[in-house]
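Numbering (the numbering used here), first residue to last: 1 to 137.
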């Protein structure tokens, strides 16, 4: 009986080690560090410091979310995957979602100027400043 119990315990521990080896825990990759830009009369825009990455073309990709001033079933937070071109002060929305990032790919994702949008200007300014500090480090 004792031998069988030890044998079962060893098998369970072996499976646990295999599981953790081939399916590592990714809790850190899922955490967001949201940074708010100055609010506007329409709501609030945040960008995720942990999602910032450089694209091959030199632009920066970042997760962003818009929180409307008033929310309801119809108006909820909107999640964006954005590319930002700091040298041209422009952006494009690569994907959008309501429940998770990249739910819907944007097939018509051309570069646009912020057109005076205070929230987009804030994201561009903060992300580009953050990108420069990461490059310098």
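C-beta atoms are modelled at their ideal positions from N, C-alpha and C, and glycine is treated no differently. From a predicted model like this one, the values you see are computed outputs, not experimental measurements.
Once you ignore the five residues that flank residue i on each side, which residues in its own chain have a CB closer than 7 Å to its CB?
i           : result
residue 126 : 35, 37, 47
residue 124 : 84, 89, 91, 114
residue 110 : 92
residue 62  : 47, 48, 51, 52, 82, 84, 127
What residues in its chain sit with their C-beta under 8 Å from that of residue i, if we drop five residues either side in the sequence?
i           : result
residue 31  : 50
residue 104 : 95, 96, 97
residue 33  : 48, 49, 50
Along the chain, where does the beta strand (DSSP E) containing residue i start, and where does it finish?
i           : result
residue 90  : 90 to 97
residue 111 : First-last for residue 111: undefined, no H or E at that position.
residue 44  : 43 to 48
residue 85  : 78 to 85
Take residue i as the anchor and find which of the options has the nearest alpha-carbon.
i           : options          : result
residue 79  : 87, 86, 68       : 68
residue 135 : 42, 44, 33, 58   : 58
residue 70  : 60, 101, 41, 106 : 41
residue 132 : 44, 56, 60, 39   : 60
Quick one: what's residue i bridged to in DSSP?
i          : result
residue 54 : 60
residue 67 : 44
Kindly list the residues whose CB is nearer than 6 Å to the CB of residue i, restricted to its own chain and excluding five residues on each side of it in sequence; keep chain order.
i          : result
residue 86 : 128
residue 65 : 46, 77, 79
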